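Remarks on the structure that follows.
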DNA sequence: CTGAAAGCGCTAACAG
DNA sequence: CTGTTAGCGCTTTCAG
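Protein chains in written order, with our numbering: chain A, 2 to 349; chain B, 2 to 349.
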């Protein structure tokens with residue numbers, strides 16, 4: 002950006018026309034004669050003219066940029082969301098700028114401030130712990146949508162989804178998982194928690210309730226996790242090995258896979274000794290050994306929808322209504338029936 | 002971005018000073034009296050002034066934005082690179098804008114053009130198939146660095162690394178892997194390829210050469226892969242099962258893990274029947290069953306370095322010299338010695 | 001220490 | 001169909 006760039010005026014001068022004309026010609030304004038339009042196009046090409054989006058943004062007061070803040074690109078599910086978001090954004094003529102919050106509210110706020118300064122046209126947050134009000138205050142008047150928000154208030158039973166949020170039916174997923182486990186003969190079920198965020202409590206509660214409904218009393222054992230469970234699942238595995246539940250409902254796939262690994266160290270065989278169910282259906286869930294039964298969250302759909310809601314908000318000026326997406330139980334080896342001890346079942 | 006934003010002049014007017022003064026005060030220009038600086042700060046705060054980075058960019062002709070194009074955020078290694086890149090960029094006061102090329106040259110070029118229009122201060126490409134010359138032409142005069150470039154010319158033995166590129170010593174990694182396999186008694190080694198990109202041929206050649214050096218003749222069996230190997234490793238696994246090599250050197254971890262899974266379907270046990278080695282050391286490599294031996298690429302270092310080279314180029318005006326980073330062999334269960342058939346070895 | 005004025009590159013009325 | 005004229009909001013000489 003140091004040296005001079007070719008400017009609109011440069012090409013105008015070469016052609017002996019006005020800058021306005023060149024501008025219009027380049028953006029295919031219908032009232033420019035095809036003849037000059039062609040001349041302009043050629044001249045621009047030859048001079049190596051690259052339009053300055055910054056100047057354009059300033060003039061039209063819109064940047065064609067969407068900001069996305071995500072806890073962690075490294076997470077497979079988040080990665081899929083980012084990909085879908087970016088894809089859809091590009092298709093609509095937008096560029097996306099990215100910031101990772103790492104689950105730290107301060108960082109997320111900083112990112113939002115940055116986006117506001119950059120005058121992005123819209124922002125989306127994924128798995129944010131921030132509440133919608135705080136977000137709005139930071140980016141006003143830019144529309145914002147929250148995908149799979151994790152603000153704890155969202156977990157309360159009577160929480161109404163704030164407008165402009167994409168949610169996933171975690172509770173239904175957990176209920177399906179519980180029913181499945183009961184069907185394969187695993188009634189002594191334990192929930193293995195993750196960090197203390199909305200989805201964690203929603204999933205735990207849903208599992209507990211489903212179990213209560215089916216069995217008539219509340220006997221969901223719960224192992225509490227924290228932000229560190231994924232990295233150090235050893236101690237958790239030890240506690241689990243000691244209690245020997247018949248099935249584990251894990252907060253997410255990463256945790257489930259880490260546990261699959263840690264449980265091996267304790268001599269427990271899945272699914273023979275106990276069943277394990279994950280959440281998300283990340284790509285590796287289908288490749289673990291044993292392959293992981295899990296509740297699939299529609300990652301691509303979440304990313305795509307976020308962009309579409311933003312576009313809608315941009316068009317209408319109103320924050321779009323909230324949407325909640327369905328999940329799907331994917332049954333694999335890790336929750337094979339209790340009766341037949343299956344170690345490496347043949348696959349079709 | 003629809004409604005009016007508070008502007009510099011707005012706060013100037015409220016205070017009865019000039020816009021220039023407010024501008025200087027806000028950026029802590031030393032020649033503004035502490036008194037007015039404080040007044041300005043307070044007024045800006047109260048009015049909810051959010052500086053317009055777009056206008057600023059236009060004025061200073063620098064955007065404080067770095068563009069990053071990456072094949073696929075979904076890939077664990079790329080995710081780690083993005084994270085490190087973004088982290089380092091933010092630390093240096095930059096925002097990053099992202100585009101995924103999906104391995105498609107056309108998309109990558111489009112992304113670069115977009116970045117150029119956006120007047121990013123620097124661009125980094127990861128695993129790009131584009132050659133440095135093309136890239137430079139598209140973003141001139143913006144500095145560009147290429148990380149783990151995959152342009153096929155890079156694979157030729159006498160290819161000099163173009164300036165401004167971050168490379169990884171793939172060949173050394175493969176040699177270490179071969180030596181390791183020979184040491185554990187697996188001499189009939191096969192290389193399982195990925196898509197036809199530079200790193201794939203470099204790795205294959207390095208493995209072949211290492212084997213030749215050690216054994217005195219060229220007997221590296223090679224299974225060719227393509228862009229689809231990861232999704233459909235079945236047929237590949239069948240061919241491998243038929244040939245029964247003693248060890249598999251895989252193009253990358255994703256492929257290795259997919260094969261681990263597919264080989265199970267063919268009744269082959271790793272490492273008893275054959276050893277498997279991956280490349281990259283993605284997080285799941287440590288959690289697969291069996292845990293995967295692999296050559297670790299320093300993802301975080303790659304992302305960090307890319308930013309630093311860009312900063313250097315920005316400061317000096319020169320493209321920084323190329324750097325090549327070391328890799329590290331990580332031995333795990335999947336390549337346990339051939340003699341002792343180890344299925345689930347105890348871990349410390 | 002602060003104000004005035006010019007300009008970054010582009011768009012958008014408004015004339016003609 | 002095209003030229004002219006103002007800005008968009010901020011920085012930055014140059015005066016004072």
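Backbone N, C-alpha and C fix where the C-beta goes; we use that ideal spot for every residue, glycine too. Bear in mind that the values here come from a model prediction, so they are computed numbers and not experimental data.
| Query | Result |
| --- | --- |
| With 16 other Cβ atoms within 10 Å as the buried cut-off, status of residue 145/A | buried |
| First through last residue of the alpha helix (DSSP H) which encompasses residue 241/B | 235-244 |
| Start-end ranges of the beta strand (DSSP E) lying completely within the region 97-137 of chain A, minimum 3 residues | 123-127 |
| Within 8 Å of chain B by C-beta, residues of the region 97-112 of chain A in sequence order | 97, 98, 99, 100, 101 |
| Three-pair Cβ contact test at 8 Å for the region 280-296 of chain B versus the region 216-227 of chain B | no |
| Segment limits, alpha helix (DSSP H) that includes residue 174/A | 171-184 |
| Short-range partners of chain A found in the region 35-68 of chain B, where Cβ spacing is below 7 Å | 51, 52, 53, 54, 55, 56, 58, 59, 62, 63, 64 |
| For residue 293/A, the nearest candidate out of 302/A, 279/A, 299/A (CA to CA) | 279/A |
| is_contact[residue 2/B, chain A] using C-beta, thresh 8 Å | Because residue 2/B carries a pLDDT of 37, less than 50, the predicted location of this residue cannot be relied on, and the following value inherits that uncertainty. Yes, its Cβ sits closer than 8 Å to a Cβ of chain A. |
| Exposed unless 16 or more other CB atoms sit within 10 angstroms - verdict on residue 87/A | buried |
| Collapsed DSSP secondary structure at residue 80/B in the structure displayed | helix |
| Beta carbon of residue 221/B nearer than 8 Å to that of residue 238/B | no |
| Residue-chain proximity (residue 1/A, chain B), Cβ-Cβ < 8 Å | Nothing can be reported for residue 1/A: it is not among the residues displayed for chain A, which extend from 2 to 349. |
| Cutoff 8 Å: residue 75/A Cβ touching any chain B Cβ | yes |
| Partners in chain B for residue 332/A, counting only beta-carbon separations shorter than 7 Å | Going along chain B, no residue has its Cβ under 7 Å from residue 332/A, so there is no contact; the nearest lies around 17 Å. |
| Short CB-CB distance (under 8 Å) between residue 83/B and chain A | yes |
| Opening and closing residue of the beta strand (DSSP E) in which residue 25/B lies | Here residue 25/B belongs to no beta strand (DSSP E); instead the alpha helix (DSSP H) covers 20-27. |
| As assigned by DSSP and simplified to three states, the class of residue 307/A | helix |
| Sequence-distant residues of its chain with Cβ nearer than 8 Å to residue 70/B (five each side left out) | 99, 100, 101, 102, 109, 112, 113, 116, 124, 125, 126, 127, 129 |
| Min CB distance residue 137/A to chain B below 8 Å | no |
| Per-residue DSSP class, three states only, for residue 157/B | coil |
| Three-state secondary structure assigned by DSSP to residue 202/A | helix |
| Coil, strand or helix - residue 262/A by DSSP | helix |
| Touch test, the region 133-147 of chain B against the region 12-21 of chain A, Cβ-Cβ under 8 Å, three pairs minimum | no |
| Residue burial classification, residue 327/A (beta-carbon count within 10 angstroms, cutoff 16) | exposed |
| Spatial distance of residue 106/A from residue 245/B (CA atoms) | 53 Å |
| Neighbouring residues, chain A, relative to residue 1/B (Cβ below 7 Å) | Chain B is shown only over 2 to 349; residue 1/B falls outside these bounds and no answer can be derived. |
| Helix, strand or coil at residue 216/A according to DSSP, with G and I counted as helix | helix |
| Beta-ladder partner(s) of residue 67/A, from DSSP | 97/A, 123/A |
| C-beta atoms of residue 45/A and residue 12/A nearer than 8 Å | yes |
| Buried/exposed call for residue 319/B, threshold 16 Cβ in 10 Å | exposed |
| Residue-chain proximity (residue 237/B, chain A), Cβ-Cβ < 8 Å | no |
| Touch test, the region 246-253 of chain A against the region 170-189 of chain A, Cβ-Cβ under 8 Å, three pairs minimum | yes |
| Contacting residues, own chain, Cβ-Cβ under 6 Å from residue 140/B (five flanking each side not counted) | 113, 117, 124 |
| Three-state secondary structure (DSSP) of residue 188/A | coil |
| For residue 75/A and residue 228/A, the rounded distance between their alpha carbons | 15 Å |
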